[in-house]
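Q: Residue numbers (my numbering): 58 to 145.
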């Protein structure tokens, strides 16, 4: 099971951090060991690391999020685009 790092911007770091449990719940449907990180430089850049069971499902979620996932992204201030890095 590959580890994936997904990076993107957010509107507000504290807003994004407050959604940790909800985010982990959604992402855990496709993987495990979800970890959120914020940029050390103080910008609104974040990363999510997850061990993914199904890379195709992750790609689909990022490219065309289901309505409930899109609503959660908006609630948490997620700003696309996403960049995903896969452990090789």
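Even glycine gets a Cβ: it sits at the ideal position worked out from N, Cα and C.
1) Is residue 77 helix, strand or coil when you go by DSSP?
2) Taking just the CA atoms, how far does residue 139 sit from residue 83?
3) So what does DSSP say about residue 125, is it helix, strand or coil?
4) Whose C-alpha, out of 144, 127, 136, is nearest the C-alpha of residue 79?
A: By the coordinates alone:
1) The answer is helix: DSSP assigns residue 77 an H, G or I state.
2) Taking the straight line joining both Cα atoms gives about 16 Å.
3) Helix, per DSSP.
4) Nearest C-alpha to residue 79 among 144, 127, 136: 127.
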